[in-house]
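Those sequence lines, one after another, are chains A and B. At position 310 of the first sequence (counting the first as 1) the number is 309 in numbering that gives the first Met the number 0, and the numbers step up by one without a gap. At position 174 of the second sequence (counting the first as 1) the number is 173 in numbering that gives the first Met the number 0, and the numbers step up by one without a gap. Idealized CB from N, CA, C, for every residue including glycine. Structure first, commentary second.
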Amino acid sequence: MNDGAMRVAAEERLFDAELADVLEVPVVRVAAVAERAQRPRWLVAAVVLLGLAVTAFVAFERPRRDAAQQAEGLEPPCPLPIPWAIRPADLAKLPLDSRNLGCSWHADEVPDFDVLTRFESLERVQLQWSAMTGEVPVEVFRPLAALPRLEVLLTAVPEKATAAHLAVLAELPRLRFLTLFLDRPLSADDCAALARAEHLVALQLFGGAIDAAAVRALARLPRLEVLGLRGPRGATPTALRELRGLHGLRRLEISALHWQPRALAIRGVVAEGNVGFTPELARTLAELPLLEEVRVEDCAVTAEAIACLPARLTGFALTRCPEAGPDIVAAIARFGGLKRLELDRPEQGDRPASRRGAEASEKDRALFEAQAHLLGTLPIRTLVYLGPMPRAVLAVLPRMAEVRRVECEHGFAADLAAFAQAPKLETLRLTSCGVQVGELAPLAASKSLRRVELRWTCLGETAAVRTQLPGVTVTDD
Amino acid sequence: MTDTAAGARPATAGHEALVPHLAMVRRYLFVLGARAAAVDDLAQEAFAAALQLPFADRGSAAAGAFLRAVAKNMLLRERKSASARREVELGNEVWRARCGDGDGGSGGDGTGTDRIAALRVCVEALPGRSRDLLAGAYEEGLGRRALAARSGLAVFGVKSALRRLRAALKACVERRLRGAR
């Protein structure tokens, strides 16, 4: 309090004291009335301080928490490179400090995973084995428990692997992300065995089959937040209805639950019994209180189904669904708080979309316009686009006021200058994009770009890219 | 304020001249920043301390100045930080500006008696409704809600009415003092 304020306060106290004398009441009573009158000022100060505290929290703590979540988040770490040993003997040639590797065993070979324990830095490992002949010991996965940093495991589950084998796998001390390539149906006993994995947050199931009992048993996994169902047979309405028991689920990834006629024409595969992404499945998901993201890939989907999803979703992906037209893309607009969106340029007929942006059909142009309208409407922060980015989508980038990160995969943007005009774009990742070094030069005009991540793009020319983009961190994986 | 709280007895005939100033000392201590709840105790302590000091009765103004000096020093002894001591000094400046310093040079005898008298006249001249509001707030200690119910004002209106009433009383006091001078 400065001198002026102290003088004013003293004047007020003088009047209070005089009034107390005149009214013949203790000064404490007059002072109490004055304090009550002052209280709102303190309230205002308290509200202001609270506001400042909230602002400080949002400004400082939230990013820290986000960063922490990134480290402990829902995306599995995938340090690069990923050296692969096509037979166990080749493991001897790999660096001992490898953090990520894969290894294959002969179809008839029963693997001995003990050979992996030399790699003490391993965080992620992929095991390709089938053990067509011979007995598979129940303890086959036990040696992996000696890897102190192993968080991500991708492994085949041959027909001979039982729930007892999975129970051993579930005891890996730091296992958080598990992907199972199923050569047999997943049973309720298997899920019960996996429930011992107390740190497991993400489970991806490829192939195999599921039934209602198995899906119901998944609810026993104590920390399951991400579930991927990628082409399992038996994904019937009855089985998928059991997803309602997965109360902790935050993200569901479904793939090839029911391929569309156009996709079937391309791939010639029939998924028997599966129903695709239906309104009924969407209504089941709407019952999950924590669900925040749905990724639909390679799957029959309708606008009605999207309309049945909870509007609170912050992440959505709709890729490799060539039957998904403008009406379905437009339906995504109902997720008004969407932060992450993944779209693609659909494959064309029986051939993939041209990397150099083939002539779009009339139908595709309508789709691209719908995509562009969607991107211009929603507060997207992360955009993932698979395939060549259409001109309509490129044109909307400068109007995407919130976008911080764009990932382009298997495509090529005709004019990268559009990226430089995105007002807050900080990170651009180009994966398997047919980009020449000189074509990245327009990015130098961006005022916000801080990082360019090249993955299988401009191979061996990173130094030249860095020269072109001063002040931008360029990584080459 | 009344003098009944003062329990100390004058030690000498000269000290008897201090007794009428107890109410003034309470007001003075409050203006200097003493907590309202502690004002009575501090005033008694100041009076008791004054009794231990040699004092010759040289009139009411001198007696008041003597007591204020003792009270101020007691308060300063309690205040450790520079800003708290500054508050005491500024309170003293306000007192001297408004009530005089007892040497006849500041338009008062240092006791603020003329201000009290002027305020008493102003309070008595208040309209009935304002007088009721004043009595309810300060004499009966009613809260804003009760005052609003009694006076027919909105709850937020009570605060404004009290603020206007205080401003009117201050203006009235200043007017009367200017007229008296």
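When we look at the beta-carbon of residue i and count the other beta-carbons within 10 Å, is it buried (16 or more) or exposed?
| i | result |
| --- | --- |
| A/Ser-210 | Residue identity differs from the one stated: residue 210 of chain A is Asp in this sequence, not Ser. A/Asp-210 is buried by the Cβ-count criterion. |
| A/Ala-4 | exposed |
| B/Val-87 | buried |
| A/Pro-325 | buried |
| B/Lys-71 | buried |
| A/Leu-181 | buried |
| A/Cys-77 | exposed |
| A/Trp-455 | exposed |
| A/Ser-447 | exposed |
| A/His-246 | exposed |
| A/Pro-345 | buried |
| A/Glu-341 | buried |
| A/Asp-414 | exposed |
| A/Pro-481 | Chain A is shown only over 0 to 476; residue 481 of chain A falls outside these bounds and no answer can be derived. |
| A/Asp-189 | buried |
| A/Trp-83 | exposed |
Helix, strand or coil: how does DSSP classify residue i here?
| i | result |
| --- | --- |
| A/Ala-155 | strand |
| A/Glu-279 | helix |
| B/Cys-171 | helix |
| B/Gly-58 | coil |
| A/Arg-380 | coil |
| A/Arg-403 | coil |
| A/Gln-420 | coil |
| A/Arg-355 | Bear in mind that a pLDDT of 44 at A/Arg-355, under 50, signals an unreliable position, so the model cannot answer this. |
| A/Thr-430 | strand |
| A/Arg-175 | coil |
| A/Ala-84 | strand |
| A/Glu-467 | Here residue 467 of chain A turns out to be Gln, not Glu, going by the sequence shown. Here A/Gln-467 sits in helix by DSSP. |
| A/Ala-66 | Caution is warranted here: a pLDDT of 47 is assigned to A/Ala-66, below 50, making its placement in the model unreliable, and no coordinate value can be reported. |
| B/Val-122 | helix |
| A/His-198 | coil |
| A/Glu-150 | coil |
| A/Val-135 | coil |
| B/Lys-79 | coil |
| A/Ser-360 | coil |
| B/Arg-193 | It is not possible to answer for residue 193 of chain B, since the shown part of chain B is limited to 0 through 180. |
| B/Leu-152 | coil |
| B/Asn-91 | helix |
| B/Thr-112 | helix |
| A/Val-167 | helix |
| A/Leu-115 | helix |
Out of the options, point me to the one whose CA is closest to residue i's CA.
| i | options | result |
| --- | --- | --- |
| A/Ala-255 | A/Lys-446, A/Val-24, A/Leu-239 and A/Arg-232 | A/Arg-232 |
| A/Arg-175 | A/Glu-341, A/Val-135 and A/Pro-221 | A/Pro-221 |
| B/Arg-95 | B/Arg-76, B/Ala-16, B/Gly-111 and B/Ala-117 | B/Gly-111 |
| A/Pro-321 | A/Thr-301, A/Phe-315, A/Leu-312 and A/Gly-336 | A/Thr-301 |
| A/Glu-364 | A/Ala-163, A/Arg-380, A/Met-388 and A/Lys-92 | Looking at the sequence shown, residue 364 of chain A is not Glu but Arg. With distances taken between Cα atoms, A/Arg-364 lies closest to A/Met-388. |
| A/Ile-85 | A/Ala-299, A/His-105, A/Asp-96 and A/Pro-94 | A/His-105 |
| B/Gly-135 | A/Leu-22, A/Ala-45, A/Arg-465 and A/Leu-73 | A/Leu-22 |
| A/Arg-195 | A/Phe-112, A/Ala-169 and A/Glu-224 | A/Ala-169 |
| B/Glu-138 | A/Gly-410, A/Asp-15, A/Ala-208 and A/Arg-249 | A/Asp-15 |
| A/Leu-204 | A/Leu-226, A/Leu-442, A/Asp-188 and A/Ala-192 | A/Leu-226 |
| B/Leu-21 | B/Leu-50, B/Gln-43, B/Arg-78 and B/Ala-55 | B/Gln-43 |
| A/Val-26 | B/Val-18, B/Asp-40 and B/Leu-17 | B/Asp-40 |
| B/Ser-82 | A/Ala-162, A/Asn-1 and A/Ala-8 | A/Asn-1 |
| A/Arg-141 | A/Val-114, A/Glu-122, A/Lys-159 and A/Ala-443 | A/Val-114 |
| A/Leu-185 | A/Asp-475, A/Arg-250, A/Ala-160 and A/Val-274 | A/Ala-160 |
| B/Val-38 | A/Thr-474, A/Val-47, A/Val-53 and A/Arg-12 | A/Arg-12 |
List the residues that DSSP assigns as beta-bridge partners of residue i.
| i | result |
| --- | --- |
| A/Phe-180 | A/Ala-155 and A/Phe-205 |
| B/Tyr-27 | None, per the DSSP bridge assignment. |
| A/Ile-253 | A/Leu-228 and A/Val-295 |
| A/Gln-127 | A/Ser-103 |
| A/Val-300 | A/Phe-276 |
| A/Arg-339 | A/Gly-314 and A/Thr-381 |
| A/Val-473 | A/Val-451 |
| A/Glu-408 | A/Leu-385 and A/Thr-430 |
Query raised in the report: Using a Cβ cut-off of 8 Å, which residues of the region 137-148 of chain B contact any Cβ in chain A, in chain order?
Result: Tyr-137, Glu-138, Gly-140, Gly-142 and Arg-143
Query raised in the report: Listed in chain order, which residues of the region 12-37 of chain A have Cβ atoms closer than 8 Å to some Cβ of chain B?
Result: Arg-12, Leu-13, Phe-14, Asp-15, Ala-16, Glu-17, Leu-18, Ala-19, Asp-20, Val-21, Leu-22, Glu-23, Val-24, Pro-25, Val-26, Val-27, Arg-28, Val-29, Ala-30, Ala-31, Val-32, Arg-35 and Ala-36
Requested in this report: Determine which residues of the region 109-120 of chain B have a Cβ less than 8 Å from any Cβ of chain A, and write them out in chain order.
Outcome: Gly-111, Arg-114, Ile-115, Leu-118 and Arg-119
Requested in this report: Check distances from the C-beta atoms of the region 157-178 of chain A to those of chain B and list, in chain order, the residues that come in under 8 Å.
Outcome: none
Query raised in the report: Any residues in the region 161-175 of chain B with a beta carbon nearer than 9 Å to a beta carbon of chain A? Which ones, in chain order?
Result: Leu-161, Arg-162, Arg-165, Leu-168, Lys-169 and Val-172
Requested in this report: Anything in the region 34-49 of chain B with a Cβ closer than 8 Å to a Cβ of chain A? List those residues in chain order, please.
Outcome: Interface annotation for the region 34-49 of chain B against chain A: Ala-35, Ala-36, Val-38 and Asp-39, criterion Cβ-Cβ distance under 8 Å.
Report task. Using a Cβ-Cβ cut-off of less than 8 Å, give me the residues of the region 278-307 of chain A that come near chain B, in sequence order. Result -> none
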